[in-house]
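Engineer: The listed protein sequences derive, respectively, from chains A, B, C and D. Position 367 of the first sequence, counting from 1, maps to 366 under numbering that gives the first Met the number 0, and the rest follow consecutively. Position 202 of the second sequence, counting from 1, maps to 201 under numbering that gives the first Met the number 0, and the rest follow consecutively. Position 97 of the third sequence, counting from 1, maps to 96 under numbering that gives the first Met the number 0, and the rest follow consecutively. Position 1 of the fourth sequence, counting from 1, maps to 0 under numbering that gives the first Met the number 0, and the rest follow consecutively. Take this structure, written in structure tokens, and hold onto it; I'll ask about it next.
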Amino acid sequence: MAKEVVLEKVARIEGLLNLAVVIREGRVAEARAEALEGTRLLERILLGRDYEEVPDLASRMCGVCQAIHRVTSVQALERALGVELPEQLELLRELVAIGGHLQSHILHLYFFVLPDFMGRSSVFELLPSHEPLIRRVLRLKRIANAITEIVGGRAVHPVTPVVGGFTSLPSRLKLERALALAKAFRDLVEEPVRLILSLEAPEFERRTAYVSLRGDGEIPLLKGPVAVSGRGEFQPHEYERHIRYVTESYSMARHYTLSDGSEYMVGALARLNNNYHNLSDGAREMAASFSVKFPSYSPFDNNRAQALELVHFAERAIEILDALLESPPGRARIGFEVHEGEGVAVTEAPRGLLIHHYRLDARGRVTLANIVTPTAQNYKNLEADAREFVTVLLKQGVEDLERKTEMLIRAYDPCVSCSARFFREH
Amino acid sequence: MERFVVITKEDFTVLLERLLGAYQVIAPVEREGRIFLSYVSDPAEVNMEYKGTTLLPPKRFFFPEVEVLFTYRVTGGRVELYDKLEEVRGAKRALLGVRPCDIKSLEILDKVLIGEYKDPYYAARRDGTLIVGLTCNEPDEYCFCAFTGSGPQASGGFDLLMTDLGDRYLVEIGSDKGERVVNLNLDLFKPASKDEVNEREEMLKRVEAEIRRQELPDLTKVYEAFAKNFDAELWLEYGRRCLACGKCNYVCPTCRCFDVYDEPSLDGSSGKRVRVWDSCHFLSFTRVAGGKVFRSERPSRVKQRIYHKYCYGVDEIGEIECVGCGRCIKVCPAGIDIREAAKRVVEL
Amino acid sequence: MRGNPYLPALAKIVKTRRETPDTATFRLEIEGSGGLEFTPGQFIEVSAFGYGEAPFSISSSPLERSYVEVTVRRVGNVTRALFNMGEGGVVGVRGPFGRGWPIEEMKGQNLLMIGGGIGIAPLRPLIEYVIAHRNSFGDVILLYGARTPKDIVYKEELERWREHIDVRLTVDVGDETWRGRTGVVTVLLDDVEVDPRETYSVQCGPPIMIYFVTRRLVEMGFTDDRILFSLERLMKCGMGFCGHCMIGGKYVCRDGPVFKYSEVKGLLEPALVR
Amino acid sequence: MEKPKVGIFSMSSCEGCLVQVLNLEDKILEMMRSVELVDCRLLGVKKSYDRLDIAIVEGAVMSDEEERELREIRERSKILVALGDCACHGGRFLFKDFKFDSVPVDLPRGLKSFRADPLDKYVKVDYYVYGCPIDGDDFLRLFKELLMGKEYRPAPFNVCAECVLKDNECLLDKGIPCLGPITRGGCGAVCPTSGRRCIGCRGLAEDANVDSLIEIFTKRGIEVPEYLWELKKQVGGGRRG
Ligand SMILES: Cc1cc2nc3c(=O)[nH]c(=O)nc-3n(C[C@H](O)[C@H](O)[C@H](O)COP(=O)(O)OP(=O)(O)OC[C@H]3O[C@@H](n4cnc5c(N)ncnc54)[C@H](O)[C@@H]3O)c2cc1C
Ligand code: SF4
Ligand code: SF4
Ligand code: SF4
């Protein structure tokens, strides 16, 4: 007889997700990641809009990773219009992205994941026993917000990045402040990161393909070829030849696979599996002292990878700010002409590979929009992991199967609102 | 002591240094191509060469956009109040580079806020502030002070009044306080020659002539015309255009309406009473219990401001309350131009 | 005025009396002084700390020096806070502010008082004064209109006042217990016989009432300087600074709230709007 | 005294407004001391309760299930607060003239048509916190006032009023189609202050003069976007009050 275990509206993830696991004769027959979030039709809404409006709308895809959505949409439009930014403006863009990553990772690791390991259901329940830690984490969040605000104009849904650069630039004073903040972040984050690295996650491994941007001496967020572990690389504009989507009747999101139909994983773990040697010194030392090794095939290590990224990107922010103070950007926005064009940008959102793809007509109106979010790409992998993980758990006969499975979901840091944009025109 | 002295621009920098030692100095500064009044700490920040007016008027340094009147603490059944006035008192400030129209606006505010009742916050800030004016060499296209009797010559209300004569400033001494500043820095000033004083007169005449190129009526005498035309058609037209955004009120150097509210702390045990700038253009401005709004129609709100300037002011303090700075015209997105309105009313 | 006029004196609510479901009279004792010296028709600004400040007419007798009273209808933040606080609560008081009824001028004359709803509050000190100086005034008539019998305030006082002055009531909508007149307060004017040349009319109530009553009084032959009313506007300071209460060139808080019709009739902005 | 019970719920949204609430950092800890949070999926709080004193609902209603859930929340709650533009206006001001009903879509999970509805289409909403995202301090003020039994009132002015206080040069003067003149204030004019036009995320100001803005755009040679005409139709371009 088939039994269906449904984890309903999983808590402490962004958006509404059910995970249904069908167990037949003691074996897992099927796992379904059902995105429930109302579909937001964003790509449809973008059609016909002026390119200037796109970033504002695109950032509303998601309240957690809004910064990277904004930057990615702007970059895709720049590709379409043939705009190339001077290096300093690119650095500033990277800083916006980093601010977003730091914000998001802090939220995920300490508000969503940590309670699991402490046997609590929410961060508030941790308060009595861990008040200093929580206060420190809140402070880190505040610093990450402040950095984003300095460069982006607002901590959530930043406003300054636009096609051609920025609407306004932070003053020297503000950059100095951002530098001080980044340094403070780096210092303060040490202990919380150690805490995450020391947590004992369930033991589970499953090899899959890891897809992320690959960098030369860095962990790139905004540029670079896309690496598919074990299978080489492709260029951003070729994405349609390498990944493809399937629609599942049970989900409000598209689910993605590689061109051969196999699942893959994106996110912090994929980034580090593909770029481990590029971790900053501080992050690398920390990894070593906790004997965290990459590549790793445990999805639970995604959390460790995120923690290491907190250190890595704080150090990268310091580097960028030093460079910007050394030679500050001149103009905020460079001129360009509006014409017909098509552009793809592939970036790294906190949760992994993010693709924005637009086509513009001669007046700069959108005629095609396609957005591929990390969570949508991860669903198939999550389903595969869930099948195998639950099978293992069943074999072990564990009692808290549901809680453990939820932990697996949370390790992915899914962002359901981003992913639910499914629509098909008749 | 003579009424006029001169100071070279180089020595003025020295004077600035000294003033910075003795006062909190507020002066025009330029940032990203915009001029505004700000506290300064370095003479290099000060820009005395600007044209026209600043966007926000000097009133914000006497009547700030947000002011805590007092704080309170509630413990058990007891309430304690802490007056914020003490913090306002005693600050020694120097306001530099204000235009004659803005000097006049302070005189108007004095009449309104220091009368039968006295607004102590405003009064304390006025008391402690040295006013160093700066006449205009170059008005902008919005200036019409010559028609409101408030410029380009300042007839009083300043401690010192500077005029840019190229490589030096001619300085008029307007008060004992101003004279003391000069006396304390006698090494920097020398008496002005007749020629220099004449040069200023010529300059002011030129500026006045430039402003008078606009054809406007004498706005100090439009009371009757306004009184007659309260129900004129043109107010409907302005009302249709007005966005009720209140920018005109905020930038007007003589507008001083405010709202007051309490801002409690999270646990409610303490808090502060705050006053903030308000605008007669907001719908809520005349809303009373029961939801009635006395000036619910936009034309009546447009009229409130303009009538307050040219009519009610005369009833209230015996003179018009517009100083012709042109700020409200500059900032109005809908292009409502108070001088044009006045002109049309007079011509009705 | 001494010190900082924005800083309220502290006062304790020593007694509350429910008048109607949404109206109550609060007796305040001001720290140090107890009551206030004031003219009937003047108002005070009452603070509920954390909630704000609102103007209320002083409704107690001017002869009473140990406390002041205000009669308050619960409509918003400050008024609700006063109700919730109740006896023992500490509030702030500033004032008195404004110009009250011109009592000296009205002496020797008949008085026709008209109150609508809570608008009877500023008439109460006047009535108490008149009763205490009954011989200084001629005929005194009080016309009072409330929405329903339940909304009649000062029920005890009305009974006591009847012994000294002519009190007539009406309600907009009656109920089974109501034996008196129904209709808006203007209906009571139809039966009033006074000599407008020797009478001052004194009114307070909602704008619409003042509008219609004034029209009626003019028809009855009252001259504009014998029609007095207390106006309501939003006001934040009480001193003619905040600007909200301005009508034409006048500030209701400072130049009023009591005005003669003749004083506001010439204002550019109509003071009486429906 | 028993602490007021609070629930925080999400309909369909980007959850950015909740993130803004979390961004209140230390203040949220303080807030949580004065109330009992009994329900919040995002934070993993789920206690058993019957009645709520305050329900804070984010997001637009997009499915029957959400509609049902919303009605249930309303039944159980004394005060219901709509948090953010999606909850206040269905996110429509952001989507501008987009006509949801006209989109032919093939929706999964058996949904028949597409919708994005404001909460007050289905239930009574007591208070609105506007913005996409909301402003944290604005939310804090609402929260404080609710706890004190005060009536929360949104800012009575539009974005321009705050913009001029920031000493900004007006974007309209540069030919940029800013919606500040008709948009409810309270955000501190963040967008124009960063040199970006206001996109109207806080919804129409109480006394918005759409007609005049259209005229201003036209006069300055700014193309009047379709959604302004649409808005004009909805509010008659004129006075509301
Ligand atoms: C001279 C004078 C004397 C007075 N005497 C008395 C008196 O004796 N007794 C008495 O009861 N009253 C009197 N009043 C009226 C009294 O001042 C008001 O009722 C009081 O200010 C209400 O204060 P509140 O804080 O309770 O109400 P508020 O919180 O200020 O609310 C008042 C009303 O306006 C509405 N409102 C306010 N702002 C908004 C908004 N933005 N959107 C929608 N609705 C809004 C509220 O819902 C409510 O109905 C007098 C007024 C004046 C000017
Ligand atoms: S009304 Fe306009 S021109 Fe006159 S003083 Fe005020 S801002 Fe200046
Ligand atoms: S920039 Fe926009 S918000 Fe600012 S004043 Fe101009 S129109 Fe208003
Ligand atoms: S400026 Fe406009 S778009 Fe920006 S936050 Fe404010 S209301 Fe929203």
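The beta carbon of each residue, even a glycine, is placed where N, CA and C say it ideally should be.
1. Less than 8 Å between CB atoms is the rule here; does C:Gly87 satisfy it with respect to chain D?
2. Run through chain B and tell me which residues come within less than 8 Å of C:Phe240, C-beta to C-beta.
3. Is any heavy atom in ligand 1 found nearer than 7 Å to the beta carbon of C:Met208?
4. A:His425 by DSSP, collapsed to three states: which one?
5. Can you tell me whether C:Ser58 sits near ligand 1, meaning its C-beta is under 7 Å from at least one heavy atom of the ligand?
6. So, at 6 Å on beta carbons, what are the nonlocal neighbours of C:Val13 in its own chain, with the 5 sequence-adjacent residues on each side left out?
7. Ends of the beta strand (DSSP E) at B:Asp258?
8. Which value, in whole angstroms, describes the spacing of the CA atoms of A:Leu84 and A:Gln74?
9. Note down, in chain order, every chain D residue with its Cβ under 9 Å from the Cβ of C:Arg79.
10. Check for me: the alpha helix (DSSP H) holding B:Thr147 runs from which residue to which?
11. Answer yes or no: does any C-beta atom of chain A fall closer than 8 Å to that of D:Arg195?
12. Kindly indicate which residue of B:Lys8, B:Leu18, B:Phe3 and B:Glu9 has the alpha-carbon position closest to the one of B:Leu183.
13. For a test of the three-state rule: what should DSSP assign to B:Val181, helix, strand or coil?
14. For C:Gly265, I'd like the list of residues in its chain whose CB is within less than 6 Å of its CB, leaving aside the five on either flank, ordered along the chain.
15. Taking contact to mean 3 or more Cβ pairs, one atom from each stretch, closer than 8 Å, check whether the stretch 239-251 of chain C and the stretch 154-169 of chain C are in contact.
16. If I'm right that D:Leu145 touches D:Ile53 with Cβ under 8 Å, what's the distance once you round it to whole angstroms?
17. DSSP three-state call for D:Ile213: helix, strand or coil?
18. Using the Cα positions of A:Gln102 and A:Ala361, report the straight-line distance between them to the nearest angstrom.
19. Where do the N-terminal and C-terminal ends of the alpha helix (DSSP H) with A:Thr390 fall, by residue?
20. Ordered along the chain, which non-local residues of its own chain (more than five positions away) have a Cβ less than 6 Å from that of A:Asp410?
21. Indicate whether A:Leu18 and A:Ala10 have their beta-carbon atoms separated by less than 8 Å.
22. Within the same chain, show all residues whose beta-carbon is closer than 7 Å to that of D:Tyr121, passing over the 5 residues directly before and after it, in chain order.
23. So if I threshold CB-CB distances at 9 Å, which residues from the stretch 284-295 of chain B count as touching chain C?
24. Taking 7 Å as the cut-off, is the CB of D:Leu171 close to at least one heavy atom of ligand 3?
25. Count the other CB atoms within 10 Å of the CB of A:Gln395; is the residue buried (16 or more) or exposed (fewer)?
26. Beta-carbon of D:Gly246 versus every beta-carbon of chain A: anything under 8 Å?
27. Where the beta carbon is closer than 6 Å to any heavy atom of ligand 2, which residues qualify, in chain order?
28. Can you check whether the C-beta of C:Gly247 is within less than 8 Å of a C-beta belonging to chain B?
29. Using DSSP's beta-bridge definition, name the partner residues of D:Thr182.
30. So which residues on chain G does B:Glu315 lean against when the C-beta distance must stay under 7 Å?
31. Just how far apart, CA to CA, sit A:His311 and D:Phe156?
32. Does the beta carbon of B:Tyr249 come closer than 8 Å to any beta carbon on chain D?
33. Chain C beta carbons: is any one of them nearer than 8 Å to that of B:Asp126?
34. Check whether chain D comes within 8 Å of C:Gly49, counting only Cβ atoms and requiring the distance to be less than that.
35. From what residue to what residue does the beta strand (DSSP E) around B:Phe229 run?
36. Just the chain D side, please: which residues come within less than 8 Å of C:Asn281 by C-beta, in chain order?
Structural biologist: For this structure:
1. no
2. Val111, Leu112, Tyr116, Asp118, Arg255 and Phe257
3. no
4. In this prediction, A:His425 has a pLDDT of 34, which is less than 50 and means its spatial position is unreliable; nothing more can be read from the coordinates.
5. yes
6. Arg26 and Glu28
7. Phe257 to Pro263
8. 10 Å
9. Gly148, Lys149 and Glu150
10. Cys144 to Thr147
11. yes
12. B:Leu18
13. helix
14. none
15. no
16. 6 Å
17. helix
18. 38 Å
19. Pro373 to Gln395
20. It is worth fixing the name first, because residue 410 of chain A is Ala in this sequence and not Asp. Only Pro298, Phe299, Asn301 and Asn302 meet the Cβ criterion.
21. no
22. Val60, Glu66, Leu69 and Arg70
23. Phe284, Thr285, Arg286, Val287, Ala288, Gly289, Lys291, Phe293 and Arg294
24. yes
25. exposed
26. A query on residue 246 of chain D cannot be resolved here, the shown segment of chain D reaching from 0 to 240 and no further.
27. B:Val250, B:Cys251, B:Pro252, B:Thr253, B:Lys308, B:Cys321, B:Val322, B:Gly323, B:Cys324, B:Gly325, B:Arg326, B:Cys327 and B:Ile337
28. yes
29. D:Leu203
30. Absent from the structure is chain G; the protein chains it does hold are A, B, C and D.
31. 44 Å
32. yes
33. no
34. yes
35. Unbroken run through B:Phe229: none, as it is neither H nor E.
36. Absent from the structure is residue 281 of chain C, since the part of chain C shown begins at 0 and ends at 273.
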